[in-house]
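Novice: First residue of the sequence shown: 10, per the numbering used here; consecutive thereafter. All residues carry an ideal CB built from backbone N, CA and C; glycine is no exception. Treat the numbers as computed from the prediction; the structure is a model and nothing was measured. To start, I am sharing the structure in question, which I have written as structure tokens.
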Amino acid sequence: METDADSDPYVLLARTPPFDRLAAADLAWAAAQTGRVALPTGAELHAELAEHLYFALHGHLLDDEGTAAACADPLALLRAEPRSRWRVPEGADCLRLPRHAVLELCARSPGFARHLSAGFDARATRDPGLAGFALARIGDAYLHPPLVLAEATPLREAARAMKAAGLRAALVARGAGELGLVSTTDLRDAVLIGERPASAPVADIASFPLVALDADDFLFDALLAMTRHGIGRVAVHRGGEIAGILEQLDLLSFLAGDAHLIALRIARATDRDELARAGADLLGMVRTLHARGVKPRYLGRLIGALNKQLLAKLYALIAPPRLLADSCLLVMGSEGREEQILKTDQDNALILRDGAAHAEAEHVARVLNQALGELGWPPCPGGIMVTNPLWCKPLAAFKDSIFDWIRRPSAEGHMHFAIFADARAVAGDPALLDAARAYIHHQLDAHRGFYAHFARATLAFDTPLGLFSQFRLGRDADHRDELDLKKGGIFALVHGIRSLALEGGIAATNTFERIEALRGRGALEPRLAGELAAALDFLSGLRLAAGLRKINAGGPPDNYIEPQALGLLERETLRDALKIVNDFKKLIAFHFRLDLVP
Numbered sequence: 010m011e012t013d014a015d016s017d018p019y020v021l022l023a024r025t026p027p028f029d030r031l032a033a034a035d036l037a038w039a040a041a042q043t044g045r046v047a048l049p050t051g052a053e054l055h056a057e058l059a060e061h062l063y064f065a066l067h068g069h070l071l072d073d074e075g076t077a078a079a080c081a082d083p084l085a086l087l088r089a090e091p092r093s094r095w096r097v098p099e100g101a102d103c104l105r106l107p108r109h110a111v112l113e114l115c116a117r118s119p120g121f122a123r124h125l126s127a128g129f130d131a132r133a134t135r136d137p138g139l140a141g142f143a144l145a146r147i148g149d150a151y152l153h154p155p156l157v158l159a160e161a162t163p164l165r166e167a168a169r170a171m172k173a174a175g176l177r178a179a180l181v182a183r184g185a186g187e188l189g190l191v192s193t194t195d196l197r198d199a200v201l202i203g204e205r206p207a208s209a210p211v212a213d214i215a216s217f218p219l220v221a222l223d224a225d226d227f228l229f230d231a232l233l234a235m236t237r238h239g240i241g242r243v244a245v246h247r248g249g250e251i252a253g254i255l256e257q258l259d260l261l262s263f264l265a266g267d268a269h270l271i272a273l274r275i276a277r278a279t280d281r282d283e284l285a286r287a288g289a290d291l292l293g294m295v296r297t298l299h300a301r302g303v304k305p306r307y308l309g310r311l312i313g314a315l316n317k318q319l320l321a322k323l324y325a326l327i328a329p330p331r332l333l334a335d336s337c338l339l340v341m342g343s344e345g346r347e348e349q350i351l352k353t354d355q356d357n358a359l360i361l362r363d364g365a366a367h368a369e370a371e372h373v374a375r376v377l378n379q380a381l382g383e384l385g386w387p388p389c390p391g392g393i394m395v396t397n398p399l400w401c402k403p404l405a406a407f408k409d410s411i412f413d414w415i416r417r418p419s420a421e422g423h424m425h426f427a428i429f430a431d432a433r434a435v436a437g438d439p440a441l442l443d444a445a446r447a448y449i450h451h452q453l454d455a456h457r458g459f460y461a462h463f464a465r466a467t468l469a470f471d472t473p474l475g476l477f478s479q480f481r482l483g484r485d486a487d488h489r490d491e492l493d494l495k496k497g498g499i500f501a502l503v504h505g506i507r508s509l510a511l512e513g514g515i516a517a518t519n520t521f522e523r524i525e526a527l528r529g530r531g532a533l534e535p536r537l538a539g540e541l542a543a544a545l546d547f548l549s550g551l552r553l554a555a556g557l558r559k560i561n562a563g564g565p566p567d568n569y570i571e572p573q574a575l576g577l578l579e580r581e582t583l584r585d586a587l588k589i590v591n592d593f594k595k596l597i598a599f600h601f602r603l604d605l606v607p
């Protein structure tokens, strides 16, 4: 039963971070401005967020990605501009402060302002660094100079111009001043996978309309735009003119700070010891970014980019120049998707150029495998490594394997194909992987019945939700009362999306990019696409948090968590995420008619 003291705004604020940090006089002033409101189940907040600060005392609020929070979007209040819709899933008892009072508190207490800009996130309030990011402007980050290509520019000339300028993206002018964007990846995929002639006009493959923001917009807005559009870069204009291109990696590096320094140390490493010292900093950076509330989808991309640089330098230190030119080193599985944040195991392969004799390849593979172990990647229990002849062979032999995986399907073949389908080139000649991918699409186009058999693995593991949405937990001695996040949810999301993406001929390997591409093509409804991305992000975040705790305790990370150790909001969100997984499994079963698959 609530007492009078419990209903006193002063008492409530004094118990609520970060109001509890205010001086007594400021706290009393704030209490006089504070109201209390009960929001009914199903209520939505949008325009109100620019006028009042809502903070839930009981219940919680959900943003448009389904993420739970006690405080609804304080940045909208600071900017006096609502950016998203928040909803109340089961009713909420909230404190409500008018904007003028919040701004006055910010002026009176810089510490309060820092915590407010960090979004009242419990982790961020321990790290004021996020506040700097939250209020930083796009113009504060590094912008790549704009290169504008005419719409009729041949693909070959566009590639040369971008290489000469040292750029990964360029603007394309079409018609009466309309601008689009093309990347080096777009050029590569168009020619090597789409088999477009190098003389084709660049406007044919550019993305229109251009996603652009103002240099005075917040970096947070750029991050949000990249997420919503499923893109890795945005154009930036200043004073009505394009000032440059903001890349996702540069945005995350601005937030991470250490990322540029780690990349520089990797580039300057002259031996494996120096490389190991540079790579050792990655775990510390993961801890810092995770503590700042950075979502796994962004962490994975940043860590993936740095790991690629590290592996490329390692291979260059080990392989003779001739072998380096005649091979392509791949990472596969979660590392290939840029979704492996903590080092779990090695999933790698080496494609050799047909007809090139390299007797030293086997020795180089053994040295590489050992060096990766020294850098923190444990050996793969299933042998998916360059030391296995199945994963170190000429391109023609890989094509033979691809043919068998698709035309003579088996459980092992499906597993191998899934791992290889997510491959990413990290060193050597990427054209070898491009040729293998082109062969994959050729075989899939000729054998459409493969998709249903391949997608069936989405249902391989039960979702750990029982009657009345109770968690079904492990009973064996090693994992009693624990839940396997990978088998219980992450695998089904990743493999189901992978199956849909392959069926649609989507080149992306990252699961979040695949979701956005499927949404853009109408293969996934926008709301479902958002729910799938939010569920995967949440489950991956729980796994990351648990993995870091286990590393801190001196053990290896794994896929298990103990639901009872979670807070109430996290447990409820976990239930919601697993319900989304269950619904997605039903969609996959219906889409691929898995009831008819023998």
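Is valine 591 helix, strand or coil by DSSP?
Specialist: Within the sequence shown, residue 591 is the residue found at index 582, counting from 1. Rather than valine, the amino acid found at residue 591 in this sequence is asparagine. Reduced to three states, the DSSP call for asparagine 591 is helix.
Novice: Alpha carbons only, please: which of His67, Thr162, Ala173 and Ala41 is nearest the one belonging to histidine 109?
Specialist: In the sequence shown, counting from the first residue as 1, residue 109 sits at position 100. Selected option, being the one with the closest Cα: Ala41.
Novice: Can you tell me which of the three DSSP states lysine 408 falls into?
Specialist: Indexing the sequence shown from 1 puts residue 408 at position 399. Note: lysine 408 maps to helix in three-state DSSP.
Novice: Within 10 Å of its beta-carbon, does alanine 168 have 16 or more other beta-carbons around it, so buried, or fewer, so exposed?
Specialist: Indexing the sequence shown from 1 puts residue 168 at position 159. Buried.
Novice: Kindly indicate which residue of Val295, Phe599, Ala544 and Phe593 has the alpha-carbon position closest to the one of glutamate 579.
Specialist: Position 570 of the sequence shown holds residue 579. For glutamate 579, the nearest C-alpha among the options comes from Ala544.
Novice: Determine which residues share a DSSP beta bridge with leucine 48 and list them.
Specialist: Within the sequence shown, the letter at position 39 stands for residue 48. Leucine 48 pairs with Ala101.
Novice: Would you call alanine 510 buried or exposed, if buried means 16 or more other Cβ atoms sit within 10 Å of its Cβ?
Specialist: Taking the sequence shown and counting its residues from 1, the one referred to as residue 510 is at position 501. Result: buried.
Novice: Contact between the segment 302-321 and the segment 415-423: three or more CB pairs below 8 Å?
Specialist: Touching, no, given that fewer than three Cβ pairs across the two stretches are closer than 8 Å.
Novice: Whole angstroms are fine: how far does the CA of proline 473 sit from the CA of arginine 481?
Specialist: For the purposes of this step, residue 481 is identified with residue 472 of the sequence shown, where counting begins at 1. For the purposes of this step, residue 473 is identified with residue 464 of the sequence shown, where counting begins at 1. Whole-angstrom Cα-Cα distance: 5 Å.
Novice: Distance, Cα to Cα, arginine 242 vs alanine 526?
Specialist: For the purposes of this step, residue 242 is taken as the residue at position 233 of the sequence shown. For the purposes of this step, residue 526 is taken as the residue at position 517 of the sequence shown. C-alpha separation (whole angstroms): 15 Å.
Novice: Thinking C-alpha only, which one of Trp95, Pro98, Arg281 and Ala366 is nearest leucine 384?
Specialist: For this step, residue 384 is matched to residue 375 along the sequence shown. Selected option, being the one with the closest Cα: Arg281.
Novice: Less than 8 Å between the CB atoms is what I'm expecting for glutamine 573 and aspartate 490, so what's the real figure, rounded?
Specialist: Working through the sequence shown from its first residue, we reach residue 573 at position 564. Working through the sequence shown from its first residue, we reach residue 490 at position 481. Contact holds; Cβ gap of about 7 Å.
Novice: Hey, is the segment 224-239 in contact with the segment 147-159, meaning 3+ C-beta pairs nearer than 8 Å?
Specialist: With a cut-off of 8 Å, the segment 147-159 and the segment 224-239 count as touching, because enough Cβ pairs lie within range.
Novice: Please say whether isoleucine 506 and valine 523 have beta carbons closer to each other than 7 Å?
Specialist: The count along the sequence shown starts at 1 and reaches residue 523 at position 514. The count along the sequence shown starts at 1 and reaches residue 506 at position 497. The sequence given here has arginine at residue 523, not valine. Going by C-beta atoms, arginine 523 is nearer than 7 Å to isoleucine 506.
Novice: Please name the residue or residues paired with proline 403 in a DSSP beta bridge.
Specialist: Position 394 of the sequence shown holds residue 403. According to DSSP, which records beta bridges pairwise, proline 403 is partnered with Leu361.
Novice: Distance, Cα to Cα, alanine 374 vs valine 395?
Specialist: Within the sequence shown, numbered from 1, the residue matching residue 374 stands at position 365. Within the sequence shown, numbered from 1, the residue matching residue 395 stands at position 386. When rounded, the distance between both Cα atoms is 5 Å.
Novice: So what does DSSP say about arginine 457, is it helix, strand or coil?
Specialist: Counted from its first residue, the sequence shown places residue 457 at position 448. Arginine 457 falls in the coil class under three-state DSSP.
Novice: So, under 8 Å CB-CB, aspartate 546 and proline 163 are touching, yes? Tell me the CB distance rounded to an integer number of Å.
Specialist: Within the sequence shown, the letter at position 537 stands for residue 546. Within the sequence shown, the letter at position 154 stands for residue 163. So it is not a contact: roughly 40 Å between Cβ atoms.
Novice: Out of Val111, Arg96, Ala517 and Asp102, which has the shortest C-alpha to C-alpha gap to proline 83?
Specialist: The residue labelled residue 83 in the question sits at position 74 within the sequence shown. Answer by Cα proximity: Val111.
Novice: When the distance is taken between beta carbons, is leucine 258 closer than 7 Å to alanine 231?
Specialist: As a position in the sequence shown, residue 231 is number 222, starting the count at 1. As a position in the sequence shown, residue 258 is number 249, starting the count at 1. No.
Novice: In the DSSP output, what is cysteine 337 paired with across the bridge?
Specialist: Numbered from its first residue, the sequence shown carries residue 337 at position 328. Cysteine 337 is bridged to Ile360 and Gly437.
Novice: Mind checking whether alanine 405 and aspartate 363 have CB atoms under 7 Å apart?
Specialist: Position 396 of the sequence shown, counting from 1, holds the residue named residue 405. Position 354 of the sequence shown, counting from 1, holds the residue named residue 363. A contact, by the Cβ cut-off of 7 Å.
Novice: Any heavy atom of the ligand MN within a distance shorter than 6 Å of the CB on histidine 451?
Specialist: The ligand MN is absent from the structure shown, which contains no ligand whatsoever.
Novice: Can you check which of these residues, His488, Ala516, Gly563 and Lys595, is closest to alanine 501 by C-alpha distance?
Specialist: For the purposes of this step, residue 501 is taken as residue 492 along the sequence shown, with counting starting at 1. The candidate whose alpha carbon is nearest that of alanine 501 is Lys595.
Novice: Just verifying my parser: in three-state terms, what is the DSSP assignment at aspartate 82?
Specialist: As a position in the sequence shown, residue 82 is number 73, starting the count at 1. It is coil, neither helix nor strand.
Novice: How would you call valine 606, buried or exposed, if buried means at least 16 neighbouring beta carbons within 10 angstroms?
Specialist: Here the question's residue 606 lines up with position 597 in the sequence shown. Label assigned to valine 606: exposed.
Novice: I'd like the span of the beta strand (DSSP E) that includes glutamate 256, first residue to last.
Specialist: One-based indexing of the sequence shown puts residue 256 at position 247. Start and end: 250-256.
Novice: Does arginine 286 pass the burial test, meaning 16 or more other C-beta atoms within 10 Å, or should it be called exposed?
Specialist: Position 277 of the sequence shown holds residue 286. Classification of arginine 286: exposed, given that the 10 Å Cβ count is below 16.
Novice: Where serine 192 and leucine 291 are concerned, what is the direct C-alpha to C-alpha distance, given to the nearest angstrom?
Specialist: In the sequence shown, counting from the first residue as 1, residue 192 sits at position 183. In the sequence shown, counting from the first residue as 1, residue 291 sits at position 282. When rounded, the distance between both Cα atoms is 28 Å.
Novice: When burial is assigned at 16 or more other CB atoms within 10 Å of the CB, is asparagine 591 buried or exposed?
Specialist: The sequence position of residue 591 within the sequence shown is 582, counting from 1. When all chains shown are included, asparagine 591 counts as exposed.
Novice: Give a yes or no on whether the C-beta atoms belonging to aspartate 431 and glycine 342 are separated by under 7 Å.
Specialist: Working through the sequence shown from its first residue, we reach residue 431 at position 422. Working through the sequence shown from its first residue, we reach residue 342 at position 333. Yes, these two residues count as a Cβ contact at 7 Å.
Novice: Just tell me which of Pro49, His246 and Ser93 has its CA closest to the CA of aspartate 102.
Specialist: Sequence index remark: in the sequence shown, residue 102 carries index 93 (1-based). When each option's Cα is compared against that of aspartate 102, the closest is Pro49.
Novice: Which partner residues of glutamate 53 appear in the DSSP bridge assignment?
Specialist: By one-based count along the sequence shown, residue 53 stands at place 44. According to DSSP, which records beta bridges pairwise, glutamate 53 is partnered with Arg96.
Novice: In chain order, what residues of the same chain have a beta carbon less than 6 Å from the beta carbon of arginine 135, not counting five sequence neighbours either side?
Specialist: In the sequence shown, counting from the first residue as 1, residue 135 sits at position 126. Confidence at arginine 135 is low in this model, with a pLDDT of 31, below 50, so its placement is unreliable and no value can be given for it.
Novice: So, for leucine 338: in the same chain, excluding its five sequence neighbours on each side, which residues have a beta-carbon less than 6 Å away from its beta-carbon?
Specialist: Translated into the one-based positions of the sequence shown, residue 338 becomes position 329. Here the set comprises Tyr324, Leu359, Val435, Ala436 and Gly437.
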